[in-house]
Amino acid sequence: MKEKKKVQTENQERIKTPFSEMVRKFKKQKNAVVALCFIIFLIFLAFFGSKIVPYGINEYDYNAILQGPSMKHLFGTDEFGRDLFSRIVCGTRISLAVGFGAVTVGAVCGTILGLLAGYYGGWMDSIIMRICDVLFAFPGLILAIAIVAILGSGMTNVVIAVAVFSTPTFARLVRSKTLTLKNSVFVLAARNIGVSDARILFHHILPGAIPDIIVQYSMSFGSSILTASSLSFLGMGAQPPTPEWGLLLSNGRNYMASAMYVTIFPGLAIFLTVLSFNLLGDGLRDALDPKLSD
Amino acid sequence: MSDTLLRVEDLKIYYPVAGSGFGKKEFVKAVDGVTFEVKKGEVFGIVGESGCGKSTLGRGVCKLENLTSGHVYLDGEDITEYNDRRMRSIRKKVQMVFQDPYASLNPRMSVFDIIAEPLLVHHLYQDKADLEKKVLDLLHRVGLDDYHANRYPHEFSGGQRQRIGIARALAVEPSLIIADEPVSALDVSIQAQVLNLLNELKHDLDLTYIFVAHDLSVVEYISDRVGVMYLGNFVEVGEKEKIYSNPMHPYTQALLSAVPVPDPTAKRERILLEGSIPSAHKPPTGCKFHTRCPKCMECCKTQAPERYEVDDGHYVYCHLYDKERRKQQK
Amino acid sequence: MATDNVLEIKNLHTYFYTDGGVIKAVDGVDVELRRGATLGIVGESGSGKSVTSLSVMGLLTGTKGKIADGEILLDGDDIVKLTKEQQRKLRGSKISMIFQEPMTSLNPVMKIGDQVAECVLQHEKISKKEALKKAEDMLRKTGVPRVEHMMKEYPFQLSGGQRQRVMIAMALVCKPEILIADEPTTALDVTIQAQILDLMNQLKKETGTSILFITHDLGVVAEVCDDVAVMYCGRVVERGDVKTIFANPSHPYTKGLLGSIPRLGDAGKELKSIPGNVPNPKYMPKGCKFEPRCPYASEKCREEEPGFFQIEEGHISRCWLCESGQLKTDHVEKAGD
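Encoded structure:
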């Protein structure tokens, strides 16, 4: 009787899928959990921020120009008397959208290029990697400026510029992972079964590279937001009166001496957002690393 | 010759390595001209020390390595030149079981998906229910339970993983299974379980095995015929009884005498070989074993020995058994 | 000295304290190593044999492991109670160890001669020159070819067998009383293994060092050991001299182990495998740890873990079948049929 009970418990033990293992390990990373909560909060603001803010983003109030933080205006007002809090909250959507769009495009392109380069090697590898080397040779921001200069300013072009400069990172990452996995015994075993190249690529190699892609995705998300804001700060991205964080920062710069908060709050928003994505990336890396068990 | 399932003729597998000279290509001769046959229903054991090319040979036979030259005939069909696409139908006949049960299963696939994959790839099922039934049957066949199907490889012990690997190989109902060191990573008690399972499956499913291993006792236990490899070549091939009771090649003799016997009362004369295996990159000239051979003659240093049949189906690659030469010396 | 045992391990328990809970890697090990003899500790992976050796060497620092209970008596003195510094002084001079992996246990950026000499310098107050001389003598004894050259070479230039010889030279250069060999030949080929085993036997005779030999290979045990302790799930389950254990095993696990190895020249026989797997540490059986896989298990085995029973002088077994103090071979055989 007792034996039966024991066997049952062992049989009924919760199935540990790779995903559930990841969640278990992720929960142990306190920093990353806090960062994730903050990011979820940001996403919530991106969707519903415009409905909950007390003022419209372009609601001018010339009676309250450059006022300090108060109960009425939590973050104060800018040079046109617009409520800074409302503008920053509404700016979340823009920053997240730029980050999401640019990194997603970059990750998809980079992953496909990396898979092809790593798996087939030869001339395909040479061409793809040399292009990546060229892109890597430019500092990211300079590259983005160059692309925006060619395509013209505007948010869509910023997304394209940031996507182009994040693609090689993904390509290189996925390629090196592909090279490792290509020679693993389980891929050999799959070839032995007669699995086609496409299935090997997408069923055996890609899932193995996904954890690294996710980590890189999170890291790139932060840096993309930073780059996009930098472009706007330089006047090459979002145009006034868009409440883009980089643009807010740039406007506030003129009043730094008299009204510091006009620059502090947008800066803080950028800082916290980028930091959260980096912390999340670190946490995910540890949670997804198979070597770090427990 | 209808009972010959596999014939390998003068197979060579070389790996290119960076040469010392400029533009000069150099090769590691992992397999250097191997010839053998495997009959239907038998177990052919390939035994040798690390670096002798036995695993490369095993993988080469099912074309998971690029063959440099030679021929591989399966069921009379020359598969040497087949590309990946044409090999796909051959893979239904030849399957491999790998050494490391930890590395050979994709950690991100459930056991069900791992075993179902060959069925999916070759369309060997009618509908979803049929697929499920087939996978569960395979699981039972190798001694696992239904509840194991939804679990992932990391939850299994080495022996259980090897069972999963065997189930995957059986899925396409092959006639030849190449087992590359299938038990060397396992504990003794588990090793016996897997060996017995392989024996049982062979009888139930009419399988033929090529069994590659470094452990002479394991190879003796499971094989009908044995080939002993040294540095990319066979040195002796023959019926297991003949090889083990009457080893002819000096290397086989030394190898057999070096195996520790689990009997503290046994007293044996041991032939201690000197030095270690030379590199396959620059193998010795002549007979590759002559640098360590206790019976090395002058001719061994320059001339590679041919195959001499010393007994019915018992072949030795050694100048000692060259009848012509013996006559001359007398 | 009152006893001729150079090393006695009494009721050793080594636990690992991890986030997932306490793992009882060693949970009741009692062995005695006679002076000048070789004691084999046999067990499968996870049986705790390596952790036992690390506990003796005091090499658990840096891991989550701790000796929870028990004594390790070296010449009658308990070394568990010593400070870290005292333990360090013992290592290399009185006890030394060779590891399984000859490829990774040598420092890749240090010359062979310097590595061997360093061991001497750590424990003896002599000049570097004298230490190198000692190292050279020791290397010569281990039979490495071209010693003068070898002294100036780096590990990557050596083959696996040569590296293991260097490891042995390092371990023995300070003439320790005890040499712990943790699977020293597992990574080597049979012909090289034969060379190394031969060397160890020869050096043992010359130096009188006692050897604690840890392995999973019963063939190797039969060749080199005088006494054997069989381990299962962190416990010693049977202990005795090597001939008794092989001829007359009394614990069902030992029997199973001996039945499951294929032997040269015995290929006709079917292998008797032990069914099942080593229990999951989370679901350790309550009674005898071998009970779920044991063909002779009874209700008593399920409920209560057996202690040691003496079968004859020096042969003890942790099995209820041996309770009455005499070997019940007949009973056991019958139950198996």
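Chains as they are written, first to last, in numbering that gives the first Met the number 0: chain S, 0 to 293; chain B, 0 to 329; chain Z, 0 to 336. A virtual CB, placed ideally from N, CA and C, is assigned to each residue, including glycine. What you are looking at is a predicted structure, and each value in this text was computed from that prediction instead of being measured.
| Query | Result |
| --- | --- |
| Can you grab the Cα-Cα spacing for the pair Ser-183(S) / Leu-194(B), in whole Å? | 25 Å |
| Below 8 Å on the Cβ atoms is my guess for Leu-118(B) versus Lys-133(B); work out the distance and round it to an integer in Å. | 6 Å |
| Relative to the C-alpha of His-248(B), which candidate in His-122(B), Ile-221(B) and His-289(B) has its C-alpha closest? | His-289(B) |
| Between the alpha carbons of Leu-187(S) and Gly-255(Z), how many angstroms are there, rounded? | 35 Å |
| Rounded to whole angstroms, what is the Cα-Cα separation between Gly-75(B) and Leu-197(B)? | 26 Å |
| Apply the 10 Å Cβ neighbour rule to Lys-3(S) and answer buried if 16 or more other Cβ atoms are within range, or exposed otherwise. | Any answer about Lys-3(S) is weak, because its pLDDT of 41 lies below 50 and its placement is not dependable; what the coordinates show is given next. It counts as exposed. |
| With DSSP collapsed to three states, give me the class of Phe-97(B). | coil |
| Exposed or buried, what is Ile-141(S) when buried is set at 16 or more other beta-carbons lying within 10 Å of its beta-carbon? | exposed |
| In terms of residue numbering, what span does the alpha helix (DSSP H) encompassing Tyr-124(B) cover? | It is not in any alpha helix (DSSP H) - Tyr-124(B) carries neither H nor E in the DSSP assignment. |
| Could you give the residue range of the beta strand (DSSP E) that holds Ile-310(Z)? | 308 to 311 |
| For chain S, is any of its Cβ atoms less than 8 Å away from the one on Glu-154(B)? | yes |
| Between the region 191 to 217 of chain S and chain B, which residues of the former have CB atoms less than 9 Å from a CB of the latter, in chain order? | Asn-191, Ile-192, Gly-193, Val-194, Ser-195, Asp-196, Arg-198, His-202, His-203, Pro-206, Gly-207 and Ile-209 |
| Which whole runs of the alpha helix (DSSP H) in the region 169 to 242 of chain Z are 4 residues long or more, in chain order? | 189 to 206 and 217 to 223 |
| Decide if Trp-319(Z) is buried, meaning its Cβ has at least 16 other Cβ atoms within 10 Å, or exposed. | buried |
| Take Arg-58(B) and list the residues in its own chain whose beta-carbon comes closer than 6 Å to its own, dropping the five residues that flank it on each side. | Glu-64 |
| Output, in chain order, the set of chain S residues within a Cβ distance shorter than 7 Å of Asp-348(B). | It is not possible to answer for residue 348(B), since the shown part of chain B is limited to 0 through 329. |
| Which same chain residues end up closer than 6 Å to Pro-246(B) when comparing Cβ atoms and leaving out the 5 residues on each side of it in sequence? | Gln-252 and Leu-255 |
| Give a yes or no on whether the C-beta atoms belonging to Pro-251(Z) and Phe-289(Z) are separated by under 8 Å. | yes |
| Could you give the distance in angstroms between the alpha-carbon of Pro-278(Z) and the alpha-carbon of His-213(B)? | 29 Å |
| At a Cβ cut of 7 Å, what residues of the region 268 to 281 of chain B count as close to chain Z, listed as they run along the chain? | Arg-269, Leu-271, Leu-272 and Ser-275 |
| What residues in its chain sit with their C-beta under 6 Å from that of Leu-326(Z), if we drop five residues either side in the sequence? | At Leu-326(Z) the pLDDT is 46, less than 50, meaning the model places this residue with poor confidence; the figure from the coordinates comes in the next sentence. Once the five neighbours on either side are set aside, the close Cβ partners of Leu-326(Z) are Ser-249 and Ile-310. |
| Quick test of the definition: if touching needs 3 or more C-beta pairs under 8 Å, does the region 277 to 286 of chain S touch the region 215 to 228 of chain S? | yes |
| Taking the Cβ atom as the reference point for each residue, do Gly-207(Z) and Ser-46(Z) lie within a distance shorter than 8 Å? | no |
| Looking only at its chain, what residues have a beta carbon closer than 7 Å to the beta carbon of Glu-332(Z), apart from the 5 residues adjacent to it on each side? | Bear in mind that a pLDDT of 37 at Glu-332(Z), under 50, signals an unreliable position, so the number given afterwards is only what the model happens to contain. Closer than 7 Å at Cβ, skipping near neighbours: no residue. |
| For Glu-65(B), return the contacting residues in chain S, with the cut-off set at a CB-CB distance below 9 Å. | Reading the sequence as shown, one finds Asn at residue 65(B) and not Glu. What Asn-65(B) touches in chain S: nothing, since even the nearest Cβ is about 13 Å away. |
| What are the complete alpha helix (DSSP H) segments, minimum 4 residues, inside the region 25 to 72 of chain S? | 29 to 51 |
| Rounding to the nearest angstrom, what Cα-Cα distance links Ile-270(B) and Val-30(B) in this structure? | 26 Å |
| Let me confirm a value: Val-7(B) is counted as buried when at least 16 other C-beta atoms fall within 10 Å, else exposed. Which label applies? | buried |
| Work out the CA separation of Asp-112(B) and Arg-150(B) for me, nearest whole Å. | 10 Å |
| Give me the Cβ distance between Val-97(S) and Ser-223(S), rounded to the nearest whole Å; I'm assuming they're in contact under 8 Å. | 7 Å |
| To the nearest angstrom, report how far apart Phe-135(S) and Gly-50(B) are at their CA atoms. | 41 Å |
| Just tell me which of Pro-138(S), Leu-114(S) and Gly-139(S) has its CA closest to the CA of Met-128(S). | Leu-114(S) |
| When you compare only the Cα positions, how much space is there between Tyr-72(B) and Leu-105(Z)? | 46 Å |
| Please list the terminal residues of the continuous alpha helix (DSSP H) segment that includes Gly-258(Z). | 251 to 258 |
| Could you give the residue range of the alpha helix (DSSP H) that holds Asn-195(B)? | 187 to 204 |
| Check this for me: beta carbons of Tyr-260(S) and Gly-67(S), under 8 Å apart or not? | yes |
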